[in-house]
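Only one structure is covered here, and it is reproduced in the block below.
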Amino acid sequence: MAITCTWSVNNMTHKDSDGGVILVYWSCVAASDGTPSYTATEGGKLRCDPDPSSPDYIPYADLTEADVLNWVYASLV
Numbered sequence: 040m041a042i043t044c045t046w047s048v049n050n051m052t053h054k055d056s057d058g059g060v061i062l063v064y065w066s067c068v069a070a071s072d073g074t075p076s077y078t079a080t081e082g083g084k085l086r087c088d089p090d091p092s093s094p095d096y097i098p099y100a101d102l103t104e105a106d107v108l109n110w111v112y113a114s115l116v
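Under the working numbering, the first residue of the sequence shown carries the number 40, and numbering increases by one thereafter.
Next comes the structure, spelled out in structure tokens:
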């Protein structure tokens, strides 16, 4: 039985002044392909403290879902 996980960014809150993301709402849905099949969903919020002077800073308008999911993954370790 294989399990697949689908991670998603559901919503974000950002500052209008500099485009810094301050809150990320995420979810992960895990599903099995066996019989019977099972599905589990987990979600959460990630609070961010953006620093526009950091070389790693990415403004909201330039973010990809992969960028934001990397923040989520790092926060869960």
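We treat Cβ as the ideally placed atom computed from N, Cα and C, and that holds for glycine. From a predicted model like this one, the values you see are computed outputs, not experimental measurements.
Contact check, Y99 vs H53, beta carbons under 7 Å: Yes, these two residues count as a Cβ contact at 7 Å.
Classify V120 as buried or exposed, calling it buried when 16 or more other Cβ atoms lie within 10 Å of its own Cβ. Outside the displayed range of the chain (40 to 116) lies residue 120, so it cannot be described from this structure.
Start and end residues, alpha helix (DSSP H) containing V60: No alpha helix (DSSP H) contains V60, which is instead part of the beta strand (DSSP E) from V60 to S71.
For the segment 103-112 and the segment 53-63, state whether three or more C-beta atom pairs, one from each stretch, are separated by less than 8 Å. Yes, the segment 103-112 touches the segment 53-63.
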